[in-house]
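There are 2 protein chains.
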Amino acid sequence: MGHVGKQSIVFENPPIIAWAHSTVGPKEAAGPLGQYFDVKLEDELLGQTTWEKGESEMIRQNIQHLLNRSQKAPQDIQYILAGDLENQISATNIGLKSYGIPFFGLYGACSTMGESMSLASILVASGFANCVMAGASSHYCTAERQFRTPMEYGGQRPLTQQWTVTGCGHVIITNKGNGPRINSITTGKIVDFDIKDVANMGAAMAPAAVDTILTHLTDTGQSPSDYDAIITGDLGQCGLDIAKDLAKQLGVDLASILVDCGVMMFNDEEQDTHAGASGCGCSASIFTGYWYKQLMNRKVRKILMVPTGALMSVCSAQQGESIAGIAHAVSISVE
Amino acid sequence: MGHVGKQSIVFENPPIIAWAHSTVGPKEAAGPLGQYFDVKLEDELLGQTTWEKGESEMIRQNIQHLLNRSQKAPQDIQYILAGDLENQISATNIGLKSYGIPFFGLYGACSTMGESMSLASILVASGFANCVMAGASSHYCTAERQFRTPMEYGGQRPLTQQWTVTGCGHVIITNKGNGPRINSITTGKIVDFDIKDVANMGAAMAPAAVDTILTHLTDTGQSPSDYDAIITGDLGQCGLDIAKDLAKQLGVDLASILVDCGVMMFNDEEQDTHAGASGCGCSASIFTGYWYKQLMNRKVRKILMVPTGALMSVCSAQQGESIAGIAHAVSISVE
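Heads up: the sequence lines are chains A and B, in that order. Here my numbering = 1-based position in the first sequence + 13. Here my numbering = 1-based position in the second sequence + 13.
In structure tokens, the structure reads:
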């Protein structure tokens with residue numbers, strides 16, 4: 014119990030994910046998991062004048078839905094830990110503004126949902142807080158024009174490229190109540206395999222995902238079969254294949270247990286999303302929309318959520334820096 | 014003890030700031046506090062080909078100095094919590110890469126040193142970790158060209174504008190050993206006074222600083238005179254004046270006790286820095302370089318560090334969003 018192995022914490026009093034809420038955009042709603050999401054937006058602008066204002070409004074609304082669902086007021090939430098992909102996490106900063114909740118801003122690229130749930134569970138398990146919100150968000154249009162090309166440009170996308178999810182997910186983590194429990198966390202370190210192709214983030218993140226998963230299993234004395242599913246954030250099809258190969262090379266067979274939110278989100282052939290989905294909102298919306306409900310309905314009993322992030326900026330890519338990865342694992346179960 | 018009042022935690026077993034290390038650029042070294050900083054760079058590029066690579070190298074070197082000083086290896090550090098002002102906190106991501114330390118990436122604008130020390134102290138006080146690093150960084154040249162204008166442009170700066178510090182500071186927080194103790198923390202909420210002038214960040218941050226300081230005093234049952242100094246991050250001269258006025262209007266006289274790292278860093282008249290210094294590296298380097306030593310030498314015995322952040326991006330400013338502020342307070346004392 015407590016800190017175990019190299020980089021894990023096992024909780025003696027596992028915090029509870031008491032409530033969860035997800036919002037996705039129209040393209041995500043049209044994908045294979047469409048029925049599971051709580052709110053399906055018809056308008057990616059949410060009635061705002063810019064996509065950035067739209068993303069902030071999406072976050073604001075998702076938090077309000079979660080407060081309504083939990084019958085809590087903003088002042089009942091002791092902390093919120095959250096982030097997004099916009100420069101200076103503006104979507105989150107602006108989306109949270111009206112709530113007045115003490116706020117720790119995070120940047121973990123697309124690993125942010127893992128990071129936010131990890132720190133929230135530390136706050137609750139320590140006894141320093143009893144009700145904490147965690148979340149993450151991304152938006153296709155804000156990410157595309159910030160990281161890649163103007164939306165109007167319509168550039169051709171390589172087949173290794175992924176499609177940033179418009180969506181977000183937030184959870185309320187408490188010390189009492191009903192819901193899946195966070196048994197342990199494994200905090201990722203930065204792993205750099207010298208990938209420089211900004212159109213192949215899956216390759217950049219796969220080594221970090223494998224590093225965190227294998228470290229988690231060793232630290233906590235578990236094997237892959239202790240889990241019903243090990244779920245990476247947004248490796249996409251290319252990254253998922255690499256992760257399985259890499260784990261196998263390292264002597265751990267994850268082939269039948271490893272699934273990826275980036276692969277689950279879209280029907281890539283029909284929806285023209287190439288290697289799959291990406292973005293902070295990918296694992297955030299699929300965890301809160303799909304996996305959380307699978308746990309509540311006892312369709313699965315124990316999962317390892319491993320949101321994965323590619324650490325790069327437009328400037329770092331232009332300056333020839335490699336894209337390192339990071340992944341944070343959160344072990345969640347129901348009885 | 015534990016969570017008290019609206020947004021504070023008082024630690025029963027106060028974590029210890031066992032080691033600290035600061036690095037600053039040449040302009041900061043030439044300021045009134047020059048003698049206190051541990052490393053004074055002669056070259057803001059640190060031998061690199063770009064300022065961004067220079068900022069990453071500054072972070073890498075400062076962490077190495079801190080490891081040397083503490084006689085620790087990277088694997089002795091269980092977590093690092095850190096951030097900077099570059100888009101996607103690239104300076105930190107790249108600067109940390111070689112160490113392999115489990116990493117929580119933070120974005121709190123210039124409040125990041127307060128955020129990182131707060132979360133690090135939670136990790137240690139909870140017993141989940143016993144040795145955690147926290148830090149923050151900024152760089153004049155990377156910030157100026159990212160947030161404002163190309164360096165070569167040489168635009169005229171308004172008198173309310175501040176000068177981003179080239180500098181960083183890191184600390185090692187432990188559960189045993191010698192050093193100042195973190196007695197309590199107060200986590201800020203986002204405070205928005207509808208300031209839209211990107212050349213007057215002090216005005217945008219002052220209301221958040223006052224909100225956090227007054228909440229801290231109420232939550233912990235203290236008065237300003239319980240502190241030898243209450244130290245904001247980078248309000249600068251304009252923001253400091255506003256903060257004092259605002260606190261007075263709210264019935265708390267902070268005039269004699271409130272000082273600001275943004276005012277302390279430069280000799281504004283001689284160094285042409287207008288309203289003072291700013292940037293994550295401002296409070297990070299002045300805490301680790303100056304205040305930490307004042308505590309160790311018993312020149313002060315109890316301080317409230319309140320790093321302050323202005324939550325904006327180029328995009329949010331261009332879209333007419335107001336600049337909200339946030340401030341995180343960390344109460345530190347020696348016996």
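For each residue, glycine too, the CB sits at the ideal point set by N, CA and C. The structure displayed is predicted, hence computed values, not measured ones.
Against chain B, a Cβ distance below 8 Å from residue 110 of chain A picks out 203, 205, 337. Taking the Cα positions, residue 307 of chain B is about 18 Å away from residue 126 of chain B. Only buried fits residue 92 of chain B, as 16 or more other CB atoms lie within 10 angstroms of its CB. With a 10 Å radius around the Cβ and a threshold of 16 neighbouring Cβ atoms, residue 346 of chain A comes out buried. Put simply, the CB of residue 198 of chain B is far from chain A, with every gap to its CB atoms at 7 Å or more. Its Cα nearest to that of residue 281 of chain B, the residue B:41 stands out among B:74, B:41, B:34.
For the options A:251, A:37, A:156, the alpha carbon positioned closest to that of residue 99 of chain A is the one of A:156. Residue environment analysis places residue 164 of chain B among the exposed positions, since fewer than 16 neighbouring C-beta atoms fall within 10 angstroms of its C-beta. Close partners of residue 280 of chain A in chain B (Cβ separation under 7 Å) are lacking, with about 30 Å as the shortest Cβ gap. Residue 108 of chain B is positioned such that its CB atom lies no closer than 7 Å to that of residue 87 of chain B. Spanning the alpha carbons of residue 175 of chain A and residue 247 of chain A requires a straight line of approximately 9 Å. Contact between residue 134 of chain B and residue 198 of chain B holds, with the beta-carbon distance rounding to 6 Å and staying under 8 Å.
Between residue 123 of chain A and residue 291 of chain A, the beta carbon gap of about 6 Å places them in contact (Cβ cut-off 8 Å). Under the three-state reduction of DSSP output, residue 146 of chain B falls in the strand class.
Interface with chain B (7 Å Cβ-Cβ cutoff): residue 175 of chain A is excluded.
Boundaries of the beta strand (DSSP E) harbouring residue 338 of chain A: 337-340, taken from the DSSP string. When DSSP reads this structure, residue 315 of chain A sits in a beta bridge with A:346. Under the 7 Å criterion on CB atoms, residue 324 of chain B is classed as interfacial with respect to chain A. For residue 78 of chain A, no chain B residue has a Cβ inside 8 Å of its Cβ, as the nearest lies near 20 Å away.
Under the 7 Å criterion on CB atoms, residue 120 of chain A is classed as interfacial with respect to chain B.
The C-beta of residue 287 of chain A comes no closer than 7 Å to any C-beta of chain B. Taking 7 Å as the cut-off between beta carbons, the residues of the segment 90-116 of chain A near chain B are 91, 92, 96, 99, 100, 101, 102, 103, 106, 107, 109, 110, 113, 114, 115, 116, in sequence order. What residue 334 of chain A touches in chain B, judged by beta-carbon distance under 7 Å, is 107, going in chain order. Interface criterion met: the Cβ of residue 16 of chain A is under 7 Å from a Cβ in chain B. The Cβ atoms of residue 228 of chain B and residue 19 of chain B lie closer than 7 Å to each other.
Counting of Cβ neighbours within 10 angstroms places residue 162 of chain A among the exposed residues, the total staying below 16. Contact check between the segment 65-83 of chain A and the segment 63-77 of chain B: fewer than three CB pairs, one atom from each, fall below 8 Å, which does not count as touching.
When C-beta distances to chain A are compared with 7 Å, the residues of the segment 130-155 of chain B below that value are 132, 135, 136, 139, 140, 141, 142, in chain order. Annotation note: the segment 204-260 of chain B contains the following uninterrupted beta strand (DSSP E) runs of length 3 or greater, listed N- to C-terminal: 242-245. Listed in chain order, the non-local C-beta contacts of residue 207 of chain A below 6 Å within the same chain comprise 335, local neighbours out to five positions each way being set aside.
Taking each of A:38, A:286, A:14, A:151 in turn and checking the Cα distance to residue 170 of chain A, the smallest one comes out for A:286. Closer than 9 Å at the C-beta level to chain B, one finds these residues of the segment 303-329 of chain A: 322, 324, 325, 326, 327, 328, 329.
Assignment of residue 78 of chain A by DSSP, reduced to helix, strand and coil, places it in the helix class. Residue 118 of chain B is positioned such that its CB atom lies no closer than 7 Å to that of residue 128 of chain B. DSSP places residue 181 of chain A in the uninterrupted beta strand (DSSP E) bounded by 180-187. Contact with chain B is found for residue 128 of chain A, since one of that chain's Cβ atoms lies less than 7 Å from the residue's Cβ.
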